[in-house]
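In our numbering, the protein residues as written are 7 to 379.
C-beta: ideal position from N, C-alpha, C; glycine also.
Following: one structure in structure tokens, then a few remarks.
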Ligand code: SF4
Ligand code: SF4
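Printed below as a string of structure tokens:
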């Protein structure tokens with residue numbers, strides 16, 4: 007049975023040992039990093055840098071604990087994400103959010119290069135065929151996946167699977183473009199944006215949020231660069247009047263997340279990847295959005311496992327027991343205690359991510375939970 011280690015966010019006594027950074031340090035000792043990572047071995051610490059306005063990410067203080075834990079066993083860590091906006095701008099976003107070499111005690115890099123074209127095609131499954139995995143993640147022998155658990159407009163629940171599927175894969179490939187990258191998950195078919203002129207309020211939020219400046223308006227019409235577009239779907243997500251749509255399919259999307267995750271994991275030998283899920287600042291949306299909302303449930307804690315399915319299942323089991331917070335979107339939507347908060351927020355079949363990951367043999371839904379004293 008898979009082992010999952012848990013540390014609560016609650017503080018029992020006012021002392022450092024009861025703080026979350028200290029608990030993370032102890033959790034990492036408990037899982038015994040030395041049994042996963044070898045001296046002098048490069049280890050990627052995969053996180054999401056967030057956006058200039060989305061500050062509720064895995065905080066640098068926690069990344070630092072992971073890095074220091076790896077250094078203690080002699081490994082050579084670096085912290086990384088893939089290009090979400092123009093690469094150098096994205097490194098600056100990491101800096102804005104406090105993630106830099108000085109704060110995390112390790113190099114902070116873009117795993118797919120400053121243009122997001124440094125990737126390697128890896129065989130995936132029936133839906134994706136092949137997918138462009140960031141070279142630094144493809145080539146590194148070991149990894150710690152640090153995931154901020156939250157909601158997501160398309161995935162419903164976003165944890166380690168989403169972090170690897172979308173975050174270890176490039177937006178596009180040098181030759182085959184978005185169809186070999188994240189866009190292959192976000193969109194189906196040709197993935198052409200559909201604009202409803204009747205509903206559009208001309209707020210221009212879609213143009214502002216586009217990382218590639220693909221959208222502009224002239225003579226009361228939306229124009230967008232179909233060739234250049236990554237199919238990231240951000241424009242449709244921020245549209246307040248639902249007048250932009252990127253055609254998708256929920257079931258295929260969830261399954262493709264598991265497929266891409268599998269493709270990424272095939273580049274590692276067994277027992278070379280650890281997962282750290284942070285159930286903190288659990289807000290409704292993805293960390294790539296232009297802003298972070300207030301959390302919809304209270305901080306729960308940190309989960310660690312070497313089984314991606316188990317850590318995701320344990321996270322979801324805890325989220326299902328959480329109560330909605332007042333003065334949040336959960337209250338606006340009149341979500342009640344005992345309801346599936348993320349399920350109600352987005353109405354997405356997120357459980358398919360986990361079911362498909364099990365079907366692909368990525369791990370076990372059965373787990374034993376050990377809670378840190
Ligand atoms: S999906 Fe929208 S936001 Fe994303 S690159 Fe294309 S036009 Fe820009
Ligand atoms: S975000 Fe939506 S409503 Fe605003 S300009 Fe774009 S399409 Fe129109």
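DSSP three-state label for residue i, please.
i           : result
residue 111 : coil
residue 129 : strand
residue 330 : strand
residue 50  : strand
residue 20  : coil
residue 246 : coil
residue 57  : coil
residue 340 : coil
residue 71  : helix
residue 93  : helix
residue 78  : helix
residue 256 : helix
residue 374 : strand
residue 292 : coil
Taking a contact to mean a Cβ-Cβ separation below 8 Å, would you say residue i touches residue j in this structure?
i           : j           : result
residue 173 : residue 88  : yes
residue 348 : residue 162 : yes
residue 351 : residue 157 : yes
residue 370 : residue 316 : yes
residue 110 : residue 69  : yes
residue 138 : residue 86  : no
residue 230 : residue 319 : no
residue 237 : residue 193 : yes
Can you determine whether any heavy atom of ligand 2 sits closer than 7 Å to the C-beta of residue i, and answer yes or no?
i           : result
residue 246 : yes
residue 370 : no
residue 286 : no
residue 184 : no
residue 351 : no
residue 294 : no
residue 208 : yes
residue 48  : no
residue 201 : yes
residue 228 : yes
For residue i, tell me which candidate among the options has the shortest Cα-Cα distance.
i           : options               : result
residue 2   : 338, 355, 374 and 377 : Within the shown structure, residues of the chain are numbered from 7 to 379, placing residue 2 beyond reach of any answer.
residue 377 : 342, 309 and 317      : 309
residue 303 : 182, 286 and 292      : 286
residue 151 : 171, 132, 362 and 159 : 171
residue 84  : 130, 41, 341 and 46   : 46
residue 298 : 50, 64 and 31         : 64
residue 267 : 99, 295 and 135       : 135
residue 178 : 260, 235, 146 and 148 : 235
residue 365 : 131, 79 and 248       : 131
residue 146 : 291, 44 and 227       : 44
residue 201 : 184, 239, 159 and 66  : 239
Check your understanding: Can you list, in chain order, every residue whose CB sits closer than 7 Å to a heavy atom of ligand 1?
Key -> 199, 212, 215, 216, 217, 218, 220, 221, 230, 235, 236, 237, 238, 239, 240, 241, 242 and 252
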